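As structure tokens, the structure follows; a few thoughts come after it.
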Amino acid sequence: MPGGYFIINGSEKVLIAQERLASNCLFVFKTPSPSTHTHTAEIKSTNEKGDVALDYIGRRASPSGAGQERRVDLKRKSYYLGYMIHRLLLCAVGSRQLDDRDHLGKKRLDTAGTLLRNLFSSVYKKMIREMTEHLKKVRQACGLMKNFSLMSYISVGESSKLLIDHINETGTLQAFSQTDDILQDICTKTKVILNGNWVGVTRSPDDIVISLKEAKKAFCEDISIVNDVNDRELRIYCDPGRVCRPLFAVHDSSLVITHDHIRKLDLTRTEQLEDDHEDYLDWDRLIQEGCIEYLDAEEEEVSLICMTPEDLVEARNKWGYAFLDMQPPPMKKRSLFERMKTTPAFTDRWTHCEIHPSMILGICASLIPFPDHNQSPRNTYQSAMGKQAMGIHATNYQLRMDITSNILYYPQKPLVTTKVMEYLKFREMPAGQNAIVAILCYGGYNQEDSIIMNQSGIDRGLFRSFTFRNYQDSEKRMGVLSVETIERPDPQYTIGLKHGSYHKLGEDGVIIPGIAVSGGDILIGKVTPLPPDVAMLGQRSDTQINRDISTMLRYAEIGYVDQVLLGSNQENAKFVKVRIRSTRIPEIGDKFASRHGQKGTIGMVYRQEDMPFTREGIIPDIIINPHAIPSRMTIGHLIECLMGKLSVLTGNEGDATPFTDVTVEDLSKNLREQGYHSRGLEVMYNAEGRNREGGLRFGEMERD
Numbered sequence: 001m002p003g004g005y006f007i008i009n010g011s012e013k014v015l016i017a018q019e020r021l022a023s024n025c026l027f028v029f030k031t032p033s034p035s036t037h038t039h040t041a042e043i044k045s046t047n048e049k050g051d052v053a054l055d056y057i058g059r060r061a062s063p064s065g066a067g068q069e070r071r072v073d074l075k076r077k078s079y080y081l082g083y084m085i086h087r088l089l090l091c092a093v094g095s096r097q098l099d100d101r102d103h104l105g106k107k108r109l110d111t112a113g114t115l116l117r118n119l120f121s122s123v124y125k126k127m128i129r130e131m132t133e134h135l136k137k138v139r140q141a142c143g144l145m146k147n148f149s150l151m152s153y154i155s156v157g158e159s160s161k162l163l164i165d166h167i168n169e170t171g172t173l174q175a176f177s178q179t180d181d182i183l184q185d186i187c188t189k190t191k192v193i194l195n196g197n198w199v200g201v202t203r204s205p206d207d208i209v210i211s212l213k214e215a216k217k218a219f220c221e222d223i224s225i226v227n228d229v230n231d232r233e234l235r236i237y238c239d240p241g242r243v244c245r246p247l248f249a250v251h252d253s254s255l256v257i258t259h260d261h262i263r264k265l266d267l268t269r270t271e272q273l274e275d276d277h278e279d280y281l282d283w284d285r286l287i288q289e290g291c292i293e294y295l296d297a298e299e300e301e302v303s304l305i306c307m308t309p310e311d312l313v314e315a316r317n318k319w320g321y322a323f324l325d326m327q328p329p330p331m332k333k334r335s336l337f338e339r340m341k342t343t344p345a346f347t348d349r350w351t352h353c354e355i356h357p358s359m360i361l362g363i364c365a366s367l368i369p370f371p372d373h374n375q376s377p378r379n380t381y382q383s384a385m386g387k388q389a390m391g392i393h394a395t396n397y398q399l400r401m402d403i404t405s406n407i408l409y410y411p412q413k414p415l416v417t418t419k420v421m422e423y424l425k426f427r428e429m430p431a432g433q434n435a436i437v438a439i440l441c442y443g444g445y446n447q448e449d450s451i452i453m454n455q456s457g458i459d460r461g462l463f464r465s466f467t468f469r470n471y472q473d474s475e476k477r478m479g480v481l482s483v484e485t486i487e488r489p490d491p492q493y494t495i496g497l498k499h500g501s502y503h504k505l506g507e508d509g510v511i512i513p514g515i516a517v518s519g520g521d522i523l524i525g526k527v528t529p530l531p532p533d534v535a536m537l538g539q540r541s542d543t544q545i546n547r548d549i550s551t552m553l554r555y556a557e558i559g560y561v562d563q564v565l566l567g568s569n570q571e572n573a574k575f576v577k578v579r580i581r582s583t584r585i586p587e588i589g590d591k592f593a594s595r596h597g598q599k600g601t602i603g604m605v606y607r608q609e610d611m612p613f614t615r616e617g618i619i620p621d622i623i624i625n626p627h628a629i630p631s632r633m634t635i636g637h638l639i640e641c642l643m644g645k646l647s648v649l650t651g652n653e654g655d656a657t658p659f660t661d662v663t664v665e666d667l668s669k670n671l672r673e674q675g676y677h678s679r680g681l682e683v684m685y686n687a688e689g690r691n692r693e694g695g696l697r698f699g700e701m702e703r704d
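Number 207 in the UniProt record's numbering belongs to position 207 of the sequence shown; there are no gaps in the numbering.
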């Protein structure tokens, strides 16, 4: 989620970016039947300069001067209308594909600033409607939730006038206002379209592209330049809300970034150089030097992007370029591309190179070990379930007053990790625990998605957690003179007392911190004054002047009062927040899942003496059904099991970064060297006797 958050009444609120269709973009669609026409061309126009608002004010401020109707450039409008008809006819006869309304390049994202502007506009219009007595409130559902990939960037926008002035300096643009013969030889000219507006034509689009790329390095890093040679269109976008991502720039089949850049970056990081040092280099300077470029979805379609620098080496060798070893110099740490897969390169026209192939994944998907070996729906499920994983969600969770939060007692770093985890600080704030998992059928209680768990491990703290739940209340004003009061209700003067325990409240009406509570206990005592003319159907005596509206703990909940917070809001009214801490112990029916979307619920728990064991006496913590693997095709899960077992034996972390050259053969070879089965298989001994095909056979009477 881009941007920060807002603190409203002590709670964190986040504005989720909303997706919309881009303005000033021409769309051609097929009209659904029945209809009188087969195709439709549509465009949603938005004026960047705000001429409509100025004309609205001007016509009411002064009667003199030309109105908007006289200022409209009809010639330019007619040209664009012809352009729309041309696109419509091309789609109608099948010479051009229809536009995709779900294409990411045709979408824009409204972030916090735009959403607040739209909210103000909406509230202002609502006030106008209320004043004119025409109020109609309409709401819209949130819709599908999408996730950004790693290193995504939302453009903030640049002034289109600045780019037009920069293009005019090239002297190759024929604008509508400069000439009347713009339509002469239109078939040999390239249309220049800026943010969806047709600003002119040119015979030298390459000169404009070169000039704009220099401007992109200097001051407009997030502009998009699309030179569509098939449609003879040069489309330039500098509007806000476009989703971009950084890539390595490539020139003559070589990376623009060099070993010297890497040396300066490492020196800047290790020596903490100032920006005036000659060896200082950061991200912004890499962009200014053209080493890194931001591309959006539109510009990616006219770019040729290779996956790894090894593809460039193969391209240079294949097409006769001088061989240059692009591998970085030896360092203490392993190179980012050391174990990367390489694919054959069949062209010498690469324009960009991926920083790393795993950058196509989002935050949750990048935490999955070997996601490139799993079925796609499983990665999608895990990306959703990973947000529900229990761990430590914030370092200051003891100071926060969240409505509900779950904290794992003993979170552990995973044995099998990815490179992205290091940058996401997943080692410092992990979610989950390492468990000994056996894939076998045992006892019949792990059918389908049911799992068997070791009760002895649970008793020792396996997957134990505690839950924080926040209860809050405040003094509200019920009228001019009537105000609610947080206090300990007095039965002599209060009616409507709840069926709960009030004796744990302090003198100020708030429960004492550190005390044990159970369902029905009163946490916050509060009363509201009764109107003097309320009879309450004979239930009110002459001395009872208040009604009890205290906050009570849920009946099914037990725990301890962890923290109490007192304060006042912006209306100078007193508020109270009480945080309850409850311990959660895994039990039958609780849901567990691996990092591959393999979810299941506890169907049975056995003590360790009733669980199977290996020849070394190792007892599994979890037993899952073997049928979960072939039907869901989570091959990455099996590879993670092999690497996890090898990591335990060698004491090293396993690297499960996607799109690397880790093979099952290499893992199997290393397991054999450690004295184990190459595929990680183990012989499990049953805890039953000989009649149940068990492994416990000892004593004189058990001789065969």
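We put the CB at the ideal spot given by N, CA and C, even for glycine.
Nothing here was measured: the structure is a model prediction, and the numbers come from that model.
What is the DSSP secondary structure of I439, reduced to helix, strand or coil?
Here residue 439 corresponds to residue number 439 of the sequence shown, with the count starting at 1. Strand at I439.
For M453, which residues in the same chain have their Cβ closer than 6 Å to its Cβ, ignoring the five residues on either side in sequence?
For the purposes of this step, residue 453 is taken as residue 453 along the sequence shown, with counting starting at 1. The residues are I602, V605, I622.
Hey, how far is the Cα of K669 from the Cα of T663?
Counted from its first residue, the sequence shown places residue 669 at position 669. Counted from its first residue, the sequence shown places residue 663 at position 663. Answer to the nearest angstrom: the Cα atoms are 10 Å apart.
For T308, count the other beta carbons within 10 Å of its own beta carbon; 16 or more makes it buried, fewer makes it exposed. Which is it?
As a working note, residue 308 is residue 308 in the sequence shown. Per the 10 Å Cβ criterion, buried.
Looking at the structure shown, is D666 part of a helix, part of a strand, or coil, going by DSSP?
By one-based count along the sequence shown, residue 666 stands at place 666. Helix at D666.
Cα-Cα separation between V156 and L212, rounded to whole angstroms:
Within the sequence shown, the letter at position 156 stands for residue 156. Within the sequence shown, the letter at position 212 stands for residue 212. Whole-angstrom Cα-Cα distance: 18 Å.
Report yes or no: do the region 397-417 and the region 460-477 share at least 3 C-beta pairs separated by less than 8 Å?
yes
In chain order, what residues of the same chain lie with their CB nearer than 6 Å to the CB of F27, ignoring the 5 residues before and after it?
Counted from its first residue, the sequence shown places residue 27 at position 27. Here the set comprises E42, D99.
Quick one: does the C-beta of S358 sit closer than 8 Å to a heavy atom of the ligand ATP?
Absence of the ligand ATP from the depicted structure is noted, as is the absence of any ligand whatsoever, leaving it without description.
Take P513 and list the residues in its own chain whose beta-carbon comes closer than 6 Å to its own, dropping the five residues that flank it on each side.
Here the question's residue 513 lines up with position 513 in the sequence shown. Excluding sequence neighbours, P513 sits near V561, V564.
Roughly how far, in whole angstroms, is the beta-carbon of I225 from the beta-carbon of V199, given that I think they are within contact range, below 8 Å?
Position 225 of the sequence shown, counting from 1, holds the residue named residue 225. Position 199 of the sequence shown, counting from 1, holds the residue named residue 199. That belief does not hold up - the Cβ atoms of I225 and V199 are roughly 14 Å apart, past 8 Å.
Over what stretch of residues does the alpha helix (DSSP H) that includes A628 continue unbroken?
For the purposes of this step, residue 628 is identified with residue 628 of the sequence shown, where counting begins at 1. First-last of the alpha helix (DSSP H) with A628: 628-632.
Tell me where the alpha helix (DSSP H) around V302 begins and ends.
Your numbering for residue 302 matches position 302 in the sequence shown. DSSP places V302 in no alpha helix (DSSP H); its state is neither H nor E.
Between which residues of its own chain and I392 is the CB-CB distance below 8 Å, once the five residues before and five after are set aside?
Start at 1 with the first residue of the sequence shown, and residue 392 comes out as number 392. Beyond the five residues adjoining it in sequence on each side, I392 comes within less than 8 Å, by CB distance, of I407, L408, P411, M429, P430, A431 in the same chain, given in chain order.
Determine whether the beta carbon atoms of T417 and D207 lie at a separation below 9 Å.
Counting from one through the sequence shown, the residue named residue 417 turns up at place 417. Counting from one through the sequence shown, the residue named residue 207 turns up at place 207. No, the pair does not count as a contact, with Cβ atoms beyond the cut-off.
Minimum C-alpha distance to I154 - residue among I629, R242, Q455, E673:
In the sequence shown, the residue the question calls residue 154 occupies position 154. The shortest Cα separation from I154 among I629, R242, Q455, E673 belongs to R242.
In three-state DSSP terms, what is P309?
Here the question's residue 309 lines up with position 309 in the sequence shown. Helix at P309.
My guess is that Q674 and L649 are in contact by the Cβ rule of under 8 Å, so how many angstroms apart are they, rounded?
Counting from one through the sequence shown, the residue named residue 674 turns up at place 674. Counting from one through the sequence shown, the residue named residue 649 turns up at place 649. That pair is a contact at about 5 Å.
Report the rounded CA-to-CA distance for C25 versus D110, giving the unit in angstroms.
The residue labelled residue 25 in the question sits at position 25 within the sequence shown. The residue labelled residue 110 in the question sits at position 110 within the sequence shown. Cα to Cα, C25 sits roughly 17 Å from D110.
Can you list, in chain order, the residues of its chain with a C-beta nearer than 6 Å to that of K645? Leave out the 5 residues immediately preceding and following it.
Position 645 of the sequence shown, counted from the start, is the residue given in the question as residue 645. Excluding residues within five positions, the ones whose Cβ falls inside 6 Å are G680.
Helix, strand or coil for G519, going by three-state DSSP, please let me know.
If you number the sequence shown from 1, residue 519 lands on position 519. If DSSP states are grouped into helix, strand and coil, G519 belongs with coil.
Which of helix, strand or coil DSSP assigns to Y685
Here residue 685 refers to the residue found at position 685 when the sequence shown is read from its first residue. In this structure, Y685 counts as strand in the three-state DSSP scheme.
To the nearest angstrom, report how far apart A593 and Q388 are at their CA atoms.
Here residue 593 is taken as the residue at index 593 of the sequence shown, counted from 1. Here residue 388 is taken as the residue at index 388 of the sequence shown, counted from 1. In this structure, the straight-line span from the alpha carbon of A593 to that of Q388 is close to 10 Å.
Does DSSP put A315 in a helix, in a strand, or in coil?
By 1-based counting over the sequence shown, the position of residue 315 is 315. If DSSP states are grouped into helix, strand and coil, A315 belongs with the helices.
Span of the beta strand (DSSP E) holding H39?
The residue you call residue 39 lines up with position 39 of the sequence shown. First-last of the beta strand (DSSP E) with H39: 39-42.
Between which two residues does the alpha helix (DSSP H) carrying I401 extend?
Taking the first residue of the sequence shown as position 1, residue 401 is located at position 401. Here the sequence assigns Met to residue 401, which means Ile is not the residue at that position. Per DSSP, M401 belongs to no alpha helix (DSSP H) and is neither H nor E.
Spatial neighbours of T583 within its chain, please: C-beta separation below 6 Å, excluding the five flanking residues on both sides.
Translated into the one-based positions of the sequence shown, residue 583 becomes position 583. Once the five neighbours on either side are set aside, the close Cβ partners of T583 are F466.
Please list, in chain order, all residues of the same chain as Y80 whose beta carbon is under 6 Å from its beta carbon, the five residues on each side excluded.
Reading the sequence shown from its first residue, position 80 is the one you call residue 80. Excluding positions up to five away in sequence, the list reads W198.
Opposite E475 in the DSSP bridges: which residues?
Counted from its first residue, the sequence shown places residue 475 at position 475. None; E475 has no bridge partner.
In three-state terms, what does DSSP make of S383?
Counting from one through the sequence shown, the residue named residue 383 turns up at place 383. Here S383 sits in helix by DSSP.
Separation of E301 from E314, as counted between CA atoms
For the purposes of this step, residue 314 is identified with residue 314 of the sequence shown, where counting begins at 1. For the purposes of this step, residue 301 is identified with residue 301 of the sequence shown, where counting begins at 1. In a straight line, the C-alpha of E314 is about 23 Å away from that of E301.
Less than 6 Å between C-beta atoms, sequence neighbours within five positions excluded: which residues of the same chain meet that for D239?
Reading the sequence shown from its first residue, position 239 is the one you call residue 239. So the qualifying residues of the chain are G157, N195.
List the whole-angstrom C-beta distance separating K264 from D279, where the pair is believed to meet the contact cut-off of C-beta under 8 Å.
Sequence index remark: in the sequence shown, residue 264 carries index 264 (1-based). Sequence index remark: in the sequence shown, residue 279 carries index 279 (1-based). With a Cβ gap of about 5 Å, K264 and D279 count as contacting.
Nearest neighbour of T395, chosen from L415, K425, L367 [CA to CA]
Residue 395 sits at position 395 when you count from the first residue of the sequence shown. The shortest C-alpha separation from T395 is found at K425.
Three-state secondary structure (DSSP) of Y153
For this step, residue 153 is matched to residue 153 along the sequence shown. Here Y153 sits in strand by DSSP.
Mind reading off the beta-carbon distance from I580 to L553? Whole number of angstroms is fine, and I expect it under 8 Å.
Locating residue 580 in the sequence shown gives position 580, counting from the first residue. Locating residue 553 in the sequence shown gives position 553, counting from the first residue. About 7 Å; that satisfies the 8 Å criterion.
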